[in-house]
Every structure is written in C-alpha cells, then in structure tokens.
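*Asks:* When the letters of the sequence shown are read in order and numbered with the working numbering, they come out as residues 32 to 606.
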Amino acid sequence: RVSGGQDYVEPVYFYIGAVLGLQAFCVTALFVCSWMMSGTWVAGVLTVSWYLVNRQDVSKVLQAVPLRDNWAVPYFSCQVAALTGFLITNMSSAAEMFCSLTMSISTFTFLLLWEHAHYVLFVQGLCLLLMDSLDLVPQKKTDHVQKIYLSSLVLVYLFHFQNSCLLSSPLLSLLIGFMLARYFQRRMKMGPFVARLLKLLLHLHLVFTCGITFSYSMKKLLPAAGSHLLLKVLEVKFGLKATSDFVTNFLLCHDELQTPGQDLFLRLTQTSLLPFYILVLSICLLSTLQTVYRRLSGQPISSRLRLEDGRIGERPAVVYHVFHSLAFGFLTLVFDGMKYLWTPYVCVLTAFGVCSPELWMTVFKWLKLKSVHPVVLSLILSTAVPTIICFSLWREFYPRVLSELVDLQEFCEPDLLELINWIRSRAPAAAVFAGSPQLLGTIKLCSGSVVTSLPIFTDVDLLRRTEDTYQVYAMRSAEDVYKRLTAQKTSYVIIEESICNEVWTQNGCRVKDLLDISNRHVIHSKGEMFSLSKHGRFCQEIKMDYSPYTNYFTRVFWNRSYHVYKVNSVLSFQF
Numbered sequence: 032r033v034s035g036g037q038d039y040v041e042p043v044y045f046y047i048g049a050v051l052g053l054q055a056f057c058v059t060a061l062f063v064c065s066w067m068m069s070g071t072w073v074a075g076v077l078t079v080s081w082y083l084v085n086r087q088d089v090s091k092v093l094q095a096v097p098l099r100d101n102w103a104v105p106y107f108s109c110q111v112a113a114l115t116g117f118l119i120t121n122m123s124s125a126a127e128m129f130c131s132l133t134m135s136i137s138t139f140t141f142l143l144l145w146e147h148a149h150y151v152l153f154v155q156g157l158c159l160l161l162m163d164s165l166d167l168v169p170q171k172k173t174d175h176v177q178k179i180y181l182s183s184l185v186l187v188y189l190f191h192f193q194n195s196c197l198l199s200s201p202l203l204s205l206l207i208g209f210m211l212a213r214y215f216q217r218r219m220k221m222g223p224f225v226a227r228l229l230k231l232l233l234h235l236h237l238v239f240t241c242g243i244t245f246s247y248s249m250k251k252l253l254p255a256a257g258s259h260l261l262l263k264v265l266e267v268k269f270g271l272k273a274t275s276d277f278v279t280n281f282l283l284c285h286d287e288l289q290t291p292g293q294d295l296f297l298r299l300t301q302t303s304l305l306p307f308y309i310l311v312l313s314i315c316l317l318s319t320l321q322t323v324y325r326r327l328s329g330q331p332i333s334s335r336l337r338l339e340d341g342r343i344g345e346r347p348a349v350v351y352h353v354f355h356s357l358a359f360g361f362l363t364l365v366f367d368g369m370k371y372l373w374t375p376y377v378c379v380l381t382a383f384g385v386c387s388p389e390l391w392m393t394v395f396k397w398l399k400l401k402s403v404h405p406v407v408l409s410l411i412l413s414t415a416v417p418t419i420i421c422f423s424l425w426r427e428f429y430p431r432v433l434s435e436l437v438d439l440q441e442f443c444e445p446d447l448l449e450l451i452n453w454i455r456s457r458a459p460a461a462a463v464f465a466g467s468p469q470l471l472g473t474i475k476l477c478s479g480s481v482v483t484s485l486p487i488f489t490d491v492d493l494l495r496r497t498e499d500t501y502q503v504y505a506m507r508s509a510e511d512v513y514k515r516l517t518a519q520k521t522s523y524v525i526i527e528e529s530i531c532n533e534v535w536t537q538n539g540c541r542v543k544d545l546l547d548i549s550n551r552h553v554i555h556s557k558g559e560m561f562s563l564s565k566h567g568r569f570c571q572e573i574k575m576d577y578s579p580y581t582n583y584f585t586r587v588f589w590n591r592s593y594h595v596y597k598v599n600s601v602l603s604f605q606f
C-alpha cells in the first residue's frame, strides 16, 4: 500500500510470494547452519537436497499457504543458525557479535509472529539449560542467550498489548527458575564426581521447582484461558480424563495433534535420511556422554580441539543439535505436527555428520584403527560418502522433482471460485459471513469481507464462536441457530455439503459427531446409536425450504458444494 504496488500485484499474489520467499530464506538458513558446523559447503548442499526430497515432512507450505507457521518458522531457522554460530568456540569476536545480533532479531520476530513460539523456545531453553548444567558450554554464552530470551519476551509483551500469556509462559518460568537456582548454587561445578552429580540433580530440582512455582503464581494472578485449554487438551490426549467438550475434541482431531504413522519414518528411510541420521546421532550422542563424564570428573572445557583428538562431542554446537534433535524427536513421536520443527534439523545434523572428518575420526579413535592412517581415511570418507549420497539422491529423485515442476497445474475449485465471485459482486460491503474457519480464511484472503472466525486454533474466543457457527450441522432448531448467529451479527451463513454429508470415519472426528456428543443429542449403548433430539439436522432440514426455517433464513446462493443463506433481520412467519 505504501509503495503503490497493489496497482500492479493483487494482494493474494503478493501474500503467496512473500510466504514462498520466506521458505527460501528458511532453506538458506539451514544451508548456512550446516556449512558453519562442518566447514564445507557440501554439507549445505546435502542439507538442501534432503530438505527438498522430504518436502512433505519439513514444511506446511505445500498443504496450506495462509498459516502463521509459514511466516514464523523461517525466523526460527535463522535463530538456530545464529545460535549455532554463536556456540562455535573458534569464532572471531566480530562474527560472534553478528551472530548475537542476528539471534536477537530473529528471536524477537519469531515470538512476535507466532503465539506458540514461546513453547518452541522453551524446548530450546531446556537444551541450553542441560548443556550449561553439564558444563558443555561456556557459562557466559548461556547467560547471553538468556538475556536475549528475556529482552525479546519483554518487547513482544509490549507489542502484543500486554499479553498475559507471555507472563505465565514456560519460557519465562524457566528463565526465572534458572536465574534463582544459579544464585543459590554458585559453586555447583566444583568438587569430585559424586558431589558434582548430586549438585547437578539439586540444581535441576531447584530450576523446575522455582519455575513451576512462578508459573503457578502468575496463572493465579493473571489467569489466561488459553493455558487452561492447552492443559485440558493434553490431559485428554494422554488419556488422563475424558470430555465431551466440542472445542477440546475438535482440536484433538487435527492431524497435527495425532500420533505420526509409520509412513513418516518409511518416507524418511526411502530418502536414506533416517538410516544416516541414526548413525550420526548415535556417534555424536556417545561422544557427548563421554564428554559429560569428563566434565563431571573435573576435566575443563578444551578451547582448541584438533582433528586427531576425535572428540566430536566436545563441540558445543554439535551437542546443542544432538539435544535439539532428541527433544523435538521425542515430541514428534507424540504429536505429528512437531515433525516440521524436527525434520529440517535432522537434515542439518545428518549432513554435517557425514561431511565432517571429526565424526569419522571419532569412530576410528574408538576402533583404535592402525592399519590405515585414521586422519587420511576420515578425510576420504567425509568426501566420498556425501558425494555418493548426493549422486543417489540426484539419480532417484531429480526426475520426480523435475516432472512435478513441468506438470505444474493451477489449483482451481470451480464451486469455491463461484462463491468468491458472488461475494465480491453481490454481497454488501458490510456483510458478515459465518462458516467453517478454513472457508472463512479463504474468503477473508480473497475478498476482504468481514468474517466471524478464522483458522486460528489458539484463540479460545474464536474457537467458541466456531462452535456456535458449527451448530448449523447439529440437530438444532431453526430458532436456536438463528439466535446464535445473530449474537455474532452474522449477515450470511455458508453451509458446506462436504461437512453436512461427511461420511463416517473410524476415529469419530466428523464435525457432526463432535457436535452430537457435545450437545448430548446421541448416546451409544451396546454398539447402537440412539438420537435424543426432537429436531432434524439443521443443514439438511433447511434445504427442504419450509417453515420455520424460511422464517429465519433466505437462500440467496447455491451450487454443488455451498449453500449461502441470508440471516433475516426482519422475521417473516409463514405457515
């Protein structure tokens, strides 16, 4: 709008171009991250290659463009790349300062764009806490990162108009707990092995006790509905309680909160990523455990490591990526949506490992190889293995990717396009539309019309408004639905055939089923289902075009997929 570019590019195309540009920025950050860790651009090329062939599991942009994740996650990739450079021990002061500045900007932007960002940074903070507690990273560096976290949280709190969720966020609680525990334990990293181990356990206990106490106090002082909903969803997810609440069950039915299937690991295996990842992770983890034992035994951090030492687990950047991979990998086993924060860094860690002579040298030191000079052999393998992998990926997947690019087709849904054109040309400019969140998001993006809800599944108020709108698919009376829609000042309600006539699914996640359970309109007994509502399903009954439905609603548009009804402002009773 400022540059006048809207006269040349439609807003929707500008939006799509910006999202795709951010994805390129994300890939660039992963390339740089792998390059910095390994010291060779070959690792960056291999990272990008694995990223592309596993594109289904590394980004959501192929599924849906208008998602906050697609805007925020590239900045997290930049933050991780900057953190990786900051943790490298032999960086110059100028490079370290640049990494610090980049990390500050990207952390702030990541928190600003995505309401879930503080949970992601909390997991990252746990990794850094563990590294600091085990003396795997210089203390001044973890202190600096915590200052970046804290300053970013304060700024985002102000920019988000004093969002109380940030004050009770687990990230802030972790920072408070860590600072208090460090104040009380100033001589934690001193003493013999057993004493340091006991101090470590006490330190972690203090951190989490102080953090949980602070979080509990803030939630009592500043109650945030979103946090209660998240806790309720997790309780139902892990089988701690059952609920008939529509919003909770609706969220749990999303693919991101489902347990990943075996097809995820099958795809990663077919691209050779998973086998090499397990190899690299095992070597780095074992070397890290050796380093932990040395630190607890009193051996200080080595400032200069040589290739001949074969101690890849003593590099702070490598240790961070091992912990990062383990933490997000565990979460991926529980929530399928976490794979988008795990798989890209699987590509980074694996590409770094196979391209790093230090990894092979670490293995040769364990094997005590003497027949061939281990340094020469490690250099040969760090060049030959990634070359073979790149060639095999090119031979296997390049024709597929090329055929997809050649066969690009415009996505066109005629019924949806017809609906959008009708809204643009026939609907009043001040009209308010109600419907499913995904459809309303498309309408808002393509027509700019006012809508009652959006596909933002962290806002409790929006979710409750969505529940009221979805009552058009329940067994409700026309008067009841009318009251709910007029309470939202709805002008038009859109009924989708795909939801109204959705076939039965094994997991019971149809919108109709969730509504019937929430409204207690059906009961299940001895394998049979019985209806307890005296009304028919609204979305089906309204199509019959008889009273009392015609008293409250007037159909103004319809095609095979969508029916648009005007919510009458003046009731006309027909008998």
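Idealized CB from N, CA, C, for every residue including glycine. Nothing here was measured: the structure is a model prediction, and the numbers come from that model.
#1: DSSP three-state label for Ile548, please.
#2: Would you mind stating whether Met249 and Leu189 have Cβ atoms separated by less than 8 Å?
#3: If you compare alpha carbons, which of Phe464, Ala460, Gly344 and Asp446 is closest to Asn15?
#4: On a Cα-Cα basis, can you pick out the residue from Leu295, Pro201 and Phe361 that is closest to Leu262?
#5: Is the stretch 176-194 touching the stretch 289-307, taking contact as three or more C-beta pairs under 8 Å?
#6: In terms of residue numbering, what span does the alpha helix (DSSP H) encompassing Tyr82 cover?
#7: On the three-state DSSP scale, how would you describe Val43?
#8: Could you check how far apart the C-beta atoms of Ala465 and Thr489 are, in whole angstroms? I think they sit under 8 Å.
#9: Rounded to a whole number of angstroms, what is the C-alpha to C-alpha distance between Leu165 and Arg326?
#10: Have a look at Met575 and Phe569 and give me their C-alpha separation to the nearest angstrom.
#11: When you compare only the Cα positions, how much space is there between Asp340 and Val111?
#12: For Val238 and Leu157, I'd like the C-alpha separation in whole angstroms.
#13: What residue does the beta strand (DSSP E) around Tyr593 start on, and which one ends it?
#14: Going by alpha carbons, who is nearest to Pro468 out of Asn452, Glu498 and Thr78?
#15: Can you have a look at Val187 and say buried or exposed, based on whether 16 or more other CB atoms are within 10 angstroms of its CB?
#16: Are the CB atoms of Met128 and Phe383 within a distance shorter than 8 Å?
#17: State the DSSP-derived secondary structure class of Phe464, mapped to helix, strand or coil.
#18: Have a look at Arg346, Trp72 and Asn101 and flag the residue whose alpha-carbon is nearest the alpha-carbon of Gly52.
#19: Taking just the CA atoms, how far does Leu283 sit from Glu146?
#20: Report the rounded CA-to-CA distance for Val587 versus Asn550, giving the unit in angstroms.
#21: Which parts of the stretch 131-174 are runs of the alpha helix (DSSP H), unbroken and 4 residues or longer, counting only runs that do not cross its ends?
#22: Roughly how many whole angstroms lie between the Cα atoms of Asp511 and Glu572?
#23: On the CB-based measure, 16 or more other CB atoms within 10 Å of its CB, does Trp81 come out buried or exposed?
#24: In chain order, what residues of the same chain have a beta carbon less than 6 Å from the beta carbon of Arg629, not counting five sequence neighbours either side?
#25: Among the candidates Leu364, Met506, Ala273 and Phe361, whose CA atom is the shortest distance from the CA of Asp544?
#26: Distance check for Gln519 and Arg496, CA to CA, integer angstroms please.
#27: Can you tell me where the alpha helix (DSSP H) holding Tyr214 begins and where it ends?
#28: By Cβ distance, which residues of its chain are closer than 6 Å to Tyr596, with the 5 residues on each side in sequence left out?
#29: What is the C-beta distance between Gln177 and Leu206, in whole angstroms, given that I count them as a contact (C-beta under 8 Å)?
#30: Evaluate contact between the stretch 55-74 and the stretch 401-412, counting only Cβ atoms and requiring at least three cross-stretch pairs below 8 Å.
#31: Determine the DSSP secondary structure at Trp589, reduced to helix, strand or coil.
#32: Is Ala256 helix, strand or coil when you go by DSSP?
#33: Leaving out the 5 sequence neighbours to the left and right, which residues in its chain are closer than 6 Å to Gly116 when beta-carbon positions are compared?
#34: Let me know the alpha helix (DSSP H) ranges lying completely inside the stretch 279-333, each 4 residues or longer, listed in chain order.
#35: Distance check for His259 and Leu271, CA to CA, integer angstroms please.
#36: CA-CA distance, Ile530 and Val151?
*Replies:* Well, looking at it:
#1: Ile548: helix per DSSP, three-state reduction.
#2: Not in contact: Met249 and Leu189 (Cβ atoms no closer than 8 Å).
#3: Residue 15 lies beyond the residue range present for the chain, which begins at 32 and ends at 606; the question has no answer from this structure.
#4: Nearest option by C-alpha distance: Pro201.
#5: no
#6: Where Tyr82 is concerned, the enclosing alpha helix (DSSP H) stretches over Trp72 to Val84.
#7: helix
#8: Ala465 to Thr489, Cβ: 20 Å. No contact.
#9: 7 Å
#10: 10 Å
#11: Taking the straight line from one Cα to the other gives about 27 Å.
#12: 11 Å
#13: Its beta strand (DSSP E) spans residues Tyr593 to Val598.
#14: Glu498
#15: buried
#16: Not a contact, by the Cβ cut-off of 8 Å.
#17: strand
#18: Asn101
#19: Per the coordinates, the alpha-carbon of Glu146 lies some 18 Å from the alpha-carbon of Leu283.
#20: Computed Cα separation, rounded: 29 Å.
#21: 148-164
#22: 14 Å
#23: Trp81 should be labelled buried.
#24: Within the shown structure, residues of the chain are numbered from 32 to 606, placing residue 629 beyond reach of any answer.
#25: Here the closest residue by C-alpha is Met506.
#26: The straight-line gap from Cα to Cα measures roughly 8 Å.
#27: Pro201 to Phe215 is the span of the alpha helix (DSSP H), which, as asked, contains Tyr214.
#28: Val524, Phe584 and Arg586
#29: 6 Å
#30: Verdict: no, contact absent.
#31: strand
#32: Note that Ala256 scores a pLDDT of 49, beneath 50, so its modelled location is shaky and nothing firm can be said.
#33: Met67 and Cys130
#34: 293-301 and 304-327
#35: Using only the alpha carbons, I get a separation of about 15 Å.
#36: 33 Å
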